[in-house]
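In this note's numbering, the protein residues as written are 10 to 697. Structure first, commentary second.
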């Protein structure tokens, strides 16, 4: 296969430090392998070895498939190691340190680690034990905070822990990771109760937690237990300790290290790559696209690929792939016009190989319901076409997809939405459904036990956290003694309850009864959903709870309420459609938990996903939902850096289309006027 001039220049470069900027659809996979082939053929030592890192198993498998099936690369098959950073680190630790290491990655594992394995650590520290013991439902959150410090690049083995912590905070701020630190460390410390209390300085509180963190890291390692981040964290530490004054001996060293999707690495990834390059005395090639840096929430920022010399101490020779093989000419032009608005990027001159134009349309609808009906028609056509990946419906947030899932299921239109399954299947969504059913059956007669249990489930969602079990048992006994036959009767009896509903302070029944009464008085499905959002704090957006239940990261009230207008007061038809969608999602998960590279469902005609999950994929038609201001860019994006991040996400979304791009905006959402996204104007698709 012939290489184009930009690919050829990259492959034949003899620079020891290379940066390849590879825009979407420019053939980076092929270029990487040809680069390995060139170095293998031109090198004096034909035994030289290559380590090629990817950041997803799908990308790894794509490269492996190409190497082992294309005879062009037969000569380098035994010389190239292709792996994800996590997997390479895990294998290294098991081989070099401890073959019995146990990797813990499930949420239930995180809970068990804090409750059992780490109890000897936190129980001997009164201030830490006080926080942890009072919130057993937050054990997994504690582990997430512990790992977030590793992801951000903090080290537990620093001689002066507080000084190193303060210095690294400054470094992170300089990298542009202030938001990551605030959301994943500072906010978590506050949410878990580790924030400074009266009389305690922030420095003292940080010091206390960091000492605990240090002991946790050492205790887990001594127990031969590692988490996902530890695969890189302990590999880094092990390499630094073993090769402090030396390097990998021949023939075990890697002569060339290449890192794909470099714009997606976090500080821990960066430090591990730095150390691997040092101990291997290797060349380094970093590959990626700063315009597709969209994972800041995972600790990745564009600066690592924009300024690599700053982090490796050496100059990089830069190459940019100049031909886009995927996008039609007009789509490439419009997407480049959009992303050129970002100032924090490397300008690129990319031309389209395809001369034909894509169909690009902006469709405006009076409301969200009309837009969803249009999407359903697109999905019906795509399903009937027989083409794989015929249509992708892309959203900014997962909550936007739930009404579409319900509608498509109710109309019998097949689709694939792996990433969003856990929203409909979440426990919180089940509680929302229970409350809606309670509204619909508020005055219907049922058994006393059924009535009381349903009412208590409603009570548990009035406050951020449920009624404590000891209080709940007392309340259950009181209500059962009154044998209510309807939820309305149960509410009346509940208001007479003389006991306390919280362990601390005095909380009377009226404080729970009033919001429940308001919700139960809803006349329509839309009104009920809106009241639940306002009155039920237990279903409100909550960052920490969102790690255990995806519902809390982005509660779907807004779009669900707008969609529910079509049902009027027919609660049961709405619930039936929701149940059908849940049943469809549940069956889709059976035996389908493997990595998406081996997932046949990805070849289905219709796909629902967020723009973030669409990265690296392409579809015949792409329909972007809610092309409105407040969604694109997201409403809380205010700074220049945040707005540029949002523009990159939109750029990723529009560049997924192969033949047709549909941008769907609404003029009104739940009775409020909304404006179209400014990104359409920046692309030149509208004057507004």
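No residue lacks a Cβ here, since even glycine has one placed at the ideal position from N, Cα and C.
- Remark: C-beta atoms of residue 91 and residue 61 approach each other more closely than 7 Å.
- Minimum Cα-Cα distance from residue 545 among the listed residues 118, 258, 438, 267 corresponds to 438.
- Excluding sequence positions up to five before and after residue 358, its CB lies within less than 7 Å of the CB of 331, all in the same chain and listed in chain order.
- Ranked by Cα distance from residue 498, the options 388, 249, 450, 645 are led by 450.
- Distance from the CA atom of residue 280 to the CA atom of residue 162, rounded to whole angstroms, is 8 Å.
- The Cβ-Cβ distance between residue 309 and residue 274 falls below 7 Å.
- Between residue 362 and residue 36, the alpha-carbon positions lie close to 12 Å from each other.
- Counting only residues of its own chain and dropping the five nearest sequence neighbours on each side, residue 75 has a CB closer than 8 Å to the CB of 38, 39, 42, 82.
- The beta carbon of residue 367 sits closer than 7 Å to the beta carbons of 337, 339, 340, 666, 668, 669, 670 from its chain, once the five residues preceding and following it are set aside; these are given in chain order.
- The distance from the Cβ of residue 84 to that of residue 46 is about 7 Å, consistent with a contact at the 8 Å cut-off.
- For the set 237, 167, 253, 270, the Cα lying nearest the Cα of residue 224 is the one of 167.
- Going by beta carbons, residue 531 and residue 460 fall outside the 7 Å limit.
- DSSP links residue 618 through a beta bridge to 403.
- DSSP places residue 296 inside the beta strand (DSSP E), whose first and last residues are 292 to 297.
- Comparing alpha-carbon positions, the option among 464, 370, 407, 502 lying closest to residue 623 turns out to be 407.
- Of the other Cβ atoms in all chains shown, 16 or more fall within 10 Å of the Cβ of residue 427; this residue is therefore buried.
- Between the segment 193 to 204 and the segment 54 to 69 there are fewer than three inter-stretch CB-CB distances shorter than 8 Å, so the stretches are not counted as touching.
- Non-local C-beta neighbours of residue 34 in its own chain, meaning closer than 6 Å and more than five positions away in sequence, comprise 333, 334, 335, 336, ordered along the chain.
- Rounded to the nearest angstrom, the Cβ distance from residue 291 to residue 328 is 19 Å, too far for a contact under 8 Å.
- Separation of residue 165 and residue 177 (C-alpha to C-alpha, rounded to the nearest whole angstrom) is 12 Å.
- For residue 442, the secondary structure class from DSSP, reduced to helix, strand or coil, is helix.
- Taking 7 Å as the cut-off, the Cβ atoms of residue 299 and residue 317 do not count as close.
- Pairing residue 110 with residue 174 gives a Cβ-Cβ distance that is not under 7 Å.
- Residue state for residue 171 is assigned as helix, using DSSP reduced to three classes.
- Nearest in C-alpha terms to residue 262, of all of 249, 15, 288, is 288.
- Annotated as proximal: residue 114 and residue 237, with beta-carbon spacing under 7 Å.
- Per the DSSP secondary-structure output, residue 637 pairs in a beta bridge with 685.
- For a cut-off of 8 Å, the C-beta gap from residue 244 to residue 342 is around 44 Å, too long to register as a contact.
- Counted as a single uninterrupted DSSP element, the alpha helix (DSSP H) harbouring residue 528 occupies residues 519 to 529.
- If you draw a straight line from the Cα of residue 122 to the Cα of residue 435, it comes to about 23 Å.
- Beta-bridge pairing by DSSP links residue 425 to 616.
- Of 191, 522, 433, the smallest CA-CA separation from residue 561 is found for 433.
- Sequence-distant partners of residue 352 (beyond 5 residues in either direction) whose C-beta falls short of 8 Å from its own C-beta, in its chain, are 649, 653.
- Between the alpha carbons of residue 462 and residue 385 lies a gap of roughly 38 Å.
- By a beta-carbon distance limit of 8 Å, residue 630 does not contact residue 379. Their separation comes to about 19 Å.
- The C-alpha of residue 97 lies about 18 Å from the C-alpha of residue 230.
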